[in-house]
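Comments concern the structure below.
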Amino acid sequence: MKIFNKRNICMAITAASLISINSGCKSFLDTERQGVYTTENYPYPQGGTPYDTFLFSAYDALRAYNFVSDGFMVASSIRSDDADKGSTPTDGGADVIAMDNFPVLSNGRVNTLWTEYFVMIVRCNDIIDQVQNNTAIVATPEAKLQAEAEARFLRAYSYFFLVRAYGRVPKIDKPLAATANVPQSSASEIYAFIEEDLKFAAANLPLNWESKYSGRSTKGAANGMLAKVYLYQQKWAMAMATANMVMTSSQYDLSVNYGVIFTEAGENSKESVFEIQGTASAQVPTANGIQYANIQGTRGNTVEWNRGWGWNMPSAQLEAAYEANDPRKNRTILYSSQAGAPRQTYYGQTAPLFPTEVPNPKYNHKVLANPSFIARYNTRGSWWMNVRILRYADVVLMYAEAANEVGGAANIANALAAVNSVRARARIGAPGGTLPNLTTTDQAVLRTAIRQERRVELAMEHERFFDIVRWGISQQVMQDAGKTNFIASRDNLLPIPQQQIDLSKGVLTQNPGY
Amino acid sequence: MKKIFTKFSVLTTLCLLLLNVAYAQNVTVKGKVTDGKLPIPGVGVTVKGTTNATVTNPDGDYSLSVPANSILVFSSIGFSAREIEVKNQTTINVSMATSTQDLEQVVVVGYGTQKRKDVTGAISSVSGEDLAKMPAVSPLASLQGKVAGLTVVNSGGAGSQPVIRIRGIASTNNATPLYVVDGFIQDNIDYLNPADIESIDLLRDASSSAIYGLRGANGVIAITTKRAAKGQTRINFTSNVGIQKVIDRIDVTDAEGFKKLYSTQLANIGAAPFDFSNYNGNTDWQDLILQTAIINTNSLTFSNTGEKTSTLINLAYNNQEGVLKYNQYQKFILRLSEEIRVTDKFKVGADITGFHDINQGATAGLNNAIWAAPIVPVQTDAYTYYAMPSFQRAQVGNPIAPMERNRNNSINKGLSFNGSVFAELKFLKNFTARSTFYARYGYDYSRGFTRPPFSFINVGENGGPTTTVIDNQFRSTVSQGQSESHRYQQDHTVTYEKTIANDHRVTAMVGFTSLRFAGSNISGSRTDSTLVVPDNPDLWYLGVINANNILTNGGGGNEQTNAGVFGRLSYTYKDRYLFNGTIRRDGSSRFAPQNRWGTFGSVGLGWVASEEDFFKDNIKAINFLKLRASFGRLGNSNGVADNRYQVLLANGRDAIFGENIFTAVGPEFFPDPNLRFEIIQGVDVGLDIRAFDSRYNAEINLYTKKTDGLLTSYPIQAGQPAFFTNLGEVNNKGIEVSMGWTDKIGKDLTFNVSGNFSYNKNRVISIGNTIDFQIIGNGGVNLTNTGQSIGYFYGYRQTGIYQSTADLDKTPKFSNSLPGDISYEDTNGDGIISPLDRTYLGTPFPPYSYGMSLSLGYKGFDALIEGQGVAGNQIYTQRRTQNFATLNYEANRLNAWTAPGTSNVEPILDNTRGNNYLFSSHYLEPGDYFRLRTVQLGYTFGANMLAKAGIQKLRLYLSGQNIQTWSQATGYTPEAQIGSILGGGADNGVYPIPAVYSFGLNVTF
């Protein structure tokens, strides 16, 4: 009997311990994450701009590698007839080469590009959720509207790129339950969603910001983007009216010389409607910047010209597209020097020698950094250069295109005046007779002229490929450019990333032809 | 009345005994201890209940002055202990039986020990002696191939720890076993000296590890360090010095081969030929980054056992160079272990290990050396290096320049103190109370600087001049970082132990434990805007650079706690029927309060058939036979980050407006407030046998182990932060067999042959009802799906190469397939190749593993041969799929398709053809290998030969490790890379496993 008694005692002790430990150890086990905020202990800023820290997370995503540099540039520029891959023939491998030669691979950077745009969308949704549902933040109705407007502007911008690049994409308008597997919506549903966001943004964003926030989303940016969204849907009257709102907002004009626009000095100028902001310092050469200019920078053997990878080489087709003496040609194409034929950069340096100092005869001149900034930041990576997303000239040309399509003598006259205003600026400094004013009042002739003007004014600025697709001329244009693999019915859109199709267990479906 | 009488009689006897002891006459007892034939040296001879003891000499003789009426206890590892009453004899010759050798030894069973014969789970032991004679600085590396069910994947990196898996992959997230060092729960056991380990017990099944609650689910590796041996003052010194050499390299093309292949590739894509005219080098970059490296381990131990105290002091110095240049790891260890027996009933003890390590990482890059074009010469002087050709300059640098530039430019050191104090009190006759407090203080510190860059020679291409460039805008940076960690553990147990009527042995134990880990770190750097900091370590402190310069800094911390109560009951009846039961209630701070606690436990039953009378009478050949079965249930909280149930805000984000920087925050991940531990339940059935005079031994285990609520991170809809949750079930079933034969041939030749084999079948039973997404790893190369192994390979299956357009016309293909491309199998038979044709291609985790050894002894000589291998898995040669630039080619590309009939394996040299880079069986190779793990030859000098020098024993040996591996794998090692669970098996340039040739000695004074 004895052992059972003792065992009972043991069991009693065990039982007592089991009971007491749950309460006794409660505080011992209540540890917090060290050195990291949680949503529970975050000191939410109160007052005028309580949502800024969350909003800035979305602006942070603007600088992501594929969002604005590699994937973005490759899919919108190298894919077009205006640019070739550049660099050495085999550089970059099958994936980027296929972006130039078609069909695009479904297992490469289309996936990271897709993912980074959805990262932005998720961050925007988080902000909208904070505004609508976080009661820990006390804010004025105005602050709420403005924060939501910024988030919706950035979300719309992301969806606008996605719908042009991929066509059908999942519409995600709020923070998702972790288990949600959202199918694709049609392009027209996505366009309707974008319009809604941009209208809200345009109504609630400020016209401008104090200087410390230069480059932050504005009413003009939202309207400019909305005008383009209308243009893509051929809602000509709406596009014209919306572009006109930007043009009459007194925030922008064509006063900045074409050459200056792409310099560091031209950042956030009167020309700038929306641009993605980067900066650098000698301390932090890359982390606050954008790799956009670096991947297109000259791939030189010398210290001076070792500025990047040399991707996105202006094509022969683009070169041929300029009218005689158009100063924009040399500001767009950086010609390498050739034996006995030195060339100058915009900044007056002698361009590197082809083929001994650089492997390509041409580079994108618009991403060339000012040597004084290279000295100041002590780095050649050029990460400080902003990326021009929406220029005022683009808005003016959108207005011209829309007005011409709406038609009627008055509108065509306005369209003509708009195009000519862009040409007038472009010809500054050129010999007399360069880029004469257009005079036609024939809608079809003017249409062609506006398209031509758009191509050269905005060359290497990511409009061309999407423009030829929306104009319905991509098949012809790409054939003319020697892209014989190009099949518009397939290659107008990128493939849906195979990895995303796999992840979704087939809820996402592939685009036609792939 | 009876009870009182019993007590009285016991007391009386005790008093009488004491009196006897006090007044007994001492006699000197002499004798010889043999195994029946041969003398056994080193047998402990102790007067029972005292510390009066000696050991037998190499001839098996002993002599000891003892009370005439005392009892002598003879004990030695590998033999059953014997007790003999002196009864005034002066000569006692003892024959010790080797029967059921290790069965009387104790093994660690968690918060206590148990005799092996009473164990009902699957616990294997490896003796420290077997580990000490291997050249390794990690105590775990030498376990490879020794134990069935244990997978050890070694790394050749200096001082690196191997990846260890016990019985397959039971978690998609963290499958590393728990390390318990003398009771102290540790994440890292680098601080141990391999030569100072007495034994390692591997608790493999769920019932054995259940008492560790939330921490034991992946199995437990329990390490017992050495204690002072009984009876004598001893000095032992072991030393081993060896060289390590990489014998299996990755076969890449030389200059001639490269020129040929690159020219072919350019021609294939219609590009202009490359101008090689100024590239006259033929550099074997691997040769330049690899080195023949030294490994040296030394251990010196002093031990003494006195009447009241036992003391052990160990000093160790280990030094390992890596086979990658400038990689070096050194560790210094000082350990003191002390036990004081205050009274017969009360003892206290302490153990403290001081540890210091110095770590120099490799400065050479393996992939860099494999990728760099061989046509480039290395350098013209120590500061001037050749740049790579234009086709890879932006992505691939000269491998030697960074290797030399970063050589010894940082100092990385660590200090730690691991200590414990215990007190043990026996009370009320059958009770023992023991309390132990453990503490670890760790401190790591590093500092370094950046050396000015070298000059680079850009070789002229296309008639251009060759130029030398230097970055003259360089500014030097000095950095410093420090981190501290501390960990406290307390264990309190009360044990009741009693044998009733000789037949019932009962051990009951209850206990309480708590653990707390915390740490913090801080780091910073400053960059001088005017001066270049000299190459002088005395200056590498932040303060050397004025604070008005560029600076960065960072810091963070962590904290985690764990608490539990537990109990165990062991009962045996007549040594035939065994029962073990454990229970644990355990909580972890990692989870939300409502999900924090779990109750776990185990039941084990055993039947020692050989103790049954009918067995003893009839089956003489079998000395011992035990059948056992056990069940265990436990939780797994490993691998989940602290407080993952809360939404953490990432603050490493910035918005830029103009040139202004604004900080931003956002949720770091998608939280699961219901996150909880995984539940593991396992059943184990086993058989232990000793037969033919115990010459033969075998152990067979069958197990099945199910993990429920797998903690898994999976990417939900693109752009969402990863979601970490519990989902699904995975099952591991397996069989483990190990057996051995120990025998003698003639008088002097002894041998042991042993082998082990294990098979593990890993199957995902479900991935949960809530998950709507595919779980992928390594970018979609690995999938985790119901009915397959975790993270199996999923891709196209190569059928050959399309030889011609005629071939293309009659074969399923992609719309853009061309002759020279890889042809894939049309698995769904729809006539075309599409993503739907991807299929199961194999598993990255070896299902079969085995080890074998043969040891021989002849007079003073001993020899050991060990082999080890795995089978059944695939290796993904991911390093070959890189095509971001033109890289050097692996030798297989010399056989690339050039025209019909030239190759049916290797596709055309054309990196614009994306179809050939799709993941397929083309990039898989069999992971099967067999390695000659150890060949060792030793000689032991007996005391009679060395007595003059005061040496009791001296063993010298030569050893070769990893000297030959048979495998089809093309990487540096065929050992499967299983560190990643959902995306395992990829070879992206694995640190080479070198062959080690060494010489060692082990001397005892």
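Protein chains in written order, with the numbering used here: chain A, 1 to 514; chain B, 1 to 1005.
Glycine included, every Cβ here is placed at the ideal spot set by N, Cα and C.
Asked: By the 10 Å Cβ neighbour count, where 16 or more other Cβ atoms means buried, how is Met398 of chain A classified, buried or exposed?; Found: buried
Asked: I'd like to know whether the C-beta of Asn208 of chain A is nearer than 7 Å to at least one C-beta of chain B.; Found: no
Asked: Sorted by chain position, which residues of the same chain lie with C-beta nearer than 6 Å to Leu1001 of chain B's C-beta, five sequence neighbours on each side aside?; Found: Ser239, Leu956
Asked: Just list the residues that DSSP pairs Ala293 of chain B with in beta bridges.; Found: B:Gln244
Asked: Closer than 9 Å, Cβ to any Cβ of chain A: which residues of the region 608-635 of chain B, in chain order?; Found: none
Asked: Per DSSP, Met385 of chain A forms a beta bridge with which residues?; Found: Answer is none; Met385 of chain A lacks a bridge partner.
Asked: Using a Cβ cut-off of 8 Å, pull out every chain B residue sitting near Gln498 of chain A, in sequence order please.; Found: Gly780, Pro835
Asked: So which of B:Gly666, B:Phe669, B:Gly652, B:Gly606 has the shortest CA-CA distance to Phe631 of chain B?; Found: B:Gly606
Asked: Mind checking the region 302-327 of chain A against chain B and listing, in chain order, the residues whose C-beta falls within less than 7 Å of any C-beta there?; Found: Thr302, Val303, Trp309
Asked: Cβ atoms of Asp821 of chain B and Pro900 of chain B: under 7 Å apart, would you say?; Found: no
Asked: What does DSSP give as the partner residue(s) for Lys705 of chain B in the beta ladder?; Found: B:Gly682, B:Asn732
Asked: Need the endpoints of the beta strand (DSSP E) that Phe662 of chain B sits in, please.; Found: 660-667
Asked: Mind the definition here: the region 687-703 of chain B touches the region 664-677 of chain B only if three or more C-beta pairs lie below 8 Å; say whether that holds.; Found: no
Asked: If you follow the alpha helix (DSSP H) that Ala369 of chain B is part of, which residue opens it and which one closes it?; Found: 366-371
Asked: Could you work out which residue in A:Ala488, A:Ala293, A:Ser504, A:Asn420 is closest to Pro512 of chain A when comparing CA atoms only?; Found: A:Ala488
Asked: Excluding the 5 residues flanking Gly860 of chain B on each side, which residues of the same chain have their C-beta closer than 6 Å to its C-beta?; Found: Tyr939, Thr940
Asked: If we define contact as Cβ-Cβ less than 7 Å, is Ser602 of chain B a contact residue for chain A?; Found: no
Asked: Using a Cβ cut-off of 7 Å (strictly closer), state whether Ala293 of chain A contacts chain D.; Found: The structure shown contains no chain D; the protein chains it does contain are A and B.
Asked: Quick one, which residues of the region 907-923 of chain B are near chain A if we go by CB-CB under 7 Å, in chain order?; Found: Asn911, Thr912, Arg913, Gly914, Tyr917, Leu918
Asked: For a contact defined as C-beta to C-beta under 9 Å, what are the partners of Gly460 of chain B on chain A?; Found: Asn301, Thr356
Asked: Taking just the CA atoms, how far does Met99 of chain A sit from Tyr514 of chain A?; Found: 14 Å
Asked: Please work out which residues of its chain come closer than 6 Å, Cβ to Cβ, to Gln510 of chain A, disregarding the five sequence neighbours upstream and downstream, and give them in chain order.; Found: Ile496
Asked: Leu836 of chain B: buried (16+ other C-beta within 10 angstroms of its C-beta) or exposed?; Found: exposed
Asked: Would you say Asp197 of chain A faces chain B, with C-beta separation under 7 Å as the test?; Found: no
Asked: Strictly below 8 Å CB to CB, what residues from chain A border Thr663 of chain B?; Found: Thr53, Phe56
Asked: Spatial neighbours of Ala426 of chain A within its chain, please: CB distance less than 6 Å, with the 5 preceding and 5 following residues excluded, ordered by chain position.; Found: Tyr258, Arg328, Leu435
Asked: Kindly give me the distance between the Cβ atoms of Ile295 of chain A and Asp70 of chain A, rounded to whole angstroms, as I take these residues to be in contact under 8 Å.; Found: 6 Å
Asked: Is the separation between the beta-carbon of Asn66 of chain A and that of Gln499 of chain A shorter than 7 Å?; Found: no
Asked: What are the start and end residues of the beta strand (DSSP E) that includes Arg763 of chain B?; Found: 749-766
Asked: Between Thr120 of chain B and Asn580 of chain B, how many whole angstroms is the CB-CB distance? I'm expecting something under 8 Å.; Found: 5 Å
Asked: Helix, strand or coil: which one does DSSP assign to Lys1014 of chain B?; Found: Outside the modelled stretch of chain B, which goes from 1 to 1005, sits residue 1014 of chain B, for which no answer is possible.
Asked: How long is the line joining the alpha carbons of Asn181 of chain A and Asp126 of chain A, rounded to whole angstroms?; Found: 18 Å
Asked: With DSSP collapsed to three states, give me the class of Ser70 of chain B.; Found: coil
Asked: Should Ser336 of chain A be flagged as near chain B, meaning a C-beta pair shorter than 7 Å?; Found: no
Asked: With distances taken between CB atoms, is the gap from Ser127 of chain B to Asp201 of chain B smaller than 7 Å?; Found: no
Asked: Under 7 Å Cβ to Cβ from Ala151 of chain A, same chain only, skipping five residues before and after it: list those, please.; Found: Leu55, Ala58, Cys124, Ile127, Ile128
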